[in-house]
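Reviewing the structure listed below.
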Amino acid sequence: MAYEIQEVHIRHCMLFEFRKGNNATVATKNISDVYPGSLDVRKRQRWFSKFRSGNFDLSDAHRPGRPMSLDNDVLRAEVEANPCQTIDELSNTLNQPWSTIQEHLHQIGKISRAGVWVPHNLSVQNKANRSTTCNALIQRHHAEPFLDRLVTGDEKWVLYDNPKRKRQWLSPNEPARSTAKPGLHPKKALLCVWWSIRGIVHFEVLIPGQTVNADLYCQQLDRVNQALVENYPAIVNRKGVILQHDNARQECLTENINDVVHHADSLGKKETSKIDDIMININDSNCGENNNEYQNVNVTLFDVYLVLQT
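Structure representation (structure tokens):
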């Protein structure tokens, strides 16, 4: 408060010097003799310019400056009421600048993310089935932990003739290398893979034109079982394996499976991360770029398998 009174007093002194007819330099000398260091060049010039324009108001002028701080709780409530609003819409609703809205969205931990496409909206029965299935799995896991016994199987198409156009560093007037567009029916192979929490158990690539039917699936399960016996005998001999199907229908199999764990259609989404890891490593290894040889797919996949197992 003392500083504010002194500042107002300095302004009165400058006005007094101006009324006496002294210029800014003389006024600064006279005031600084009494109040050393109280005036700087910019302050002196600003006030004497104001006096010369006929404005003798010594109070601070209103400055718009930065707006009043935005209440994060208000912003959070507005966003959660309608998450699809844009920053422009929030700016108009809350009467705040665009940059302020963006800054406070980061403060409350909100990020912009596109919605996820789903096959269809869940019905009341779908939601009830999910709840029942989840509760049953939780109760089973509490009674007898089984997650380490799960073996998940899935399939993924691997493109092995999938040319990509890449940016190039070129000299001026140097033509860029051309890349042929892929055809409507790219060459691809079907990858079948099984994994557990310990890593990949078994994988194989079907020959072109081959499809997964009941007979082939049972043969694959025999090979998966053999891989488990060789690498993870404790699961097979003592605990027993629980196979998680990729939404496979039991009635399609000619041979039944003893232990089937029912699960909601979204419970296996996290497990697809292993497939994603495989595809990322395949892309990094350039398996699908200008590779017309189907035989090279198995070689590349084996290299990827070794990388993921380390």
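Residue numbers (the working numbering): 171 to 480.
Where a beta carbon is used, it is the ideal one built from N, C-alpha and C, also for glycine.
{"Item": "Which whole-angstrom value describes the C-beta separation of K326 and L361, a residue pair presumed to lie in contact below a C-beta threshold of 8 Å?", "Value": "5 Å"}
{"Item": "To the nearest angstrom, how far is the alpha carbon of Y402 from that of N395?", "Value": "10 Å"}
{"Item": "Go ahead and label L240 buried or exposed: buried means 16 or more other beta carbons lie within 10 angstroms of its beta carbon, across all protein chains shown.", "Value": "buried"}
{"Item": "Contact defined as beta carbons within less than 8 Å: I believe A481 pairs with P342. What is the distance between those atoms, to the nearest angstrom?", "Value": "Outside the displayed span of the chain (171 to 480) sits residue 481, for which this structure offers no information."}
{"Item": "Using CA coordinates, which residue listed in V328, A350, L413 and P345 is at the minimum distance from R335?", "Value": "A350"}
{"Item": "Compute the Euclidean distance between the alpha carbons of S229 and C183, then round it to the nearest angstrom.", "Value": "14 Å"}
{"Item": "In terms of residues, what are the limits of the beta strand (DSSP E) holding K409?", "Value": "Looking at the DSSP string, K409 is not in any beta strand (DSSP E), and its letter there is neither H nor E."}
{"Item": "Kindly confirm or deny that the region 179 to 194 and the region 204 to 217 touch, where touching means at least three C-beta pairs closer than 8 Å.", "Value": "yes"}
{"Item": "Apply the 10 Å Cβ neighbour rule to T263 and answer buried if 16 or more other Cβ atoms are within range, or exposed otherwise.", "Value": "exposed"}
{"Item": "Assign H276 to buried or exposed, taking buried as 16 or more other Cβ atoms, counted over all protein chains shown, within 10 Å of its Cβ.", "Value": "exposed"}
{"Item": "Just the C-alpha distance for R347 and R337, rounded to the nearest angstrom, thanks.", "Value": "9 Å"}
{"Item": "By the three-class DSSP mapping on this structure, what secondary structure does A359 have?", "Value": "strand"}
{"Item": "I need the DSSP call for E441, collapsed to helix, strand or coil.", "Value": "Residue placement at E441 cannot be trusted, given a pLDDT of 45 that sits under 50; what the coordinates show is reported in the next sentence. If DSSP states are grouped into helix, strand and coil, E441 belongs with the helices."}
{"Item": "Report the residue from D318, P352 and Y387 whose alpha carbon sits nearest the alpha carbon of S366.", "Value": "D318"}
{"Item": "Assuming contact is defined by CB atoms lying nearer than 8 Å, are W268 and I257 in contact in what I supplied?", "Value": "yes"}
{"Item": "Would you list, in sequence order, the uninterrupted alpha helix (DSSP H) runs of no fewer than 4 residues that lie entirely inside the region 252 to 340?", "Value": "257 to 264, 268 to 277 and 294 to 313"}
{"Item": "Would you grab the beta carbon distance between D392 and V363 for me? Rounded to a whole angstrom, and I think it's under 8 Å.", "Value": "Actually they are not in contact, since the Cβ atoms of D392 and V363 sit about 16 Å apart, beyond 8 Å."}
{"Item": "Run the CB neighbour count on T302, radius 10 Å, all protein chains shown included, and call it buried at 16 or more, exposed below.", "Value": "exposed"}
{"Item": "Which residue comes first and which comes last in the alpha helix (DSSP H) that contains E374?", "Value": "No alpha helix (DSSP H) holds E374; the beta strand (DSSP E) holding it covers G369 to V375."}
{"Item": "Would you mind working out which of D203, T195, V204 and N225 sits nearest R212, comparing C-alpha positions?", "Value": "T195"}
{"Item": "Taking 8 Å as the CB-CB limit, is T303 close to chain D?", "Value": "The structure shown has no chain D; it contains just one protein chain."}
{"Item": "Does DSSP put S223 in a helix, in a strand, or in coil?", "Value": "coil"}
{"Item": "Pick from L245, R368 and K199: whose alpha carbon is nearest that of E273?", "Value": "L245"}
{"Item": "Between N193, E248 and I180, which has its C-alpha nearest G207's C-alpha?", "Value": "I180"}
{"Item": "Does the distance from the C-beta atom of A397 to that of V371 stay below 8 Å?", "Value": "yes"}
{"Item": "Using a Cβ-Cβ cut-off of 6 Å (strictly less than) and excluding sequence neighbours within five positions of E248, which residues of its own chain qualify?", "Value": "none"}
{"Item": "Could you work out which residue in I271, D331, R222 and G369 is closest to L354 when comparing CA atoms only?", "Value": "D331"}
{"Item": "Taking DSSP's pairing of strands, which residues face S366 in a bridge?", "Value": "G369"}
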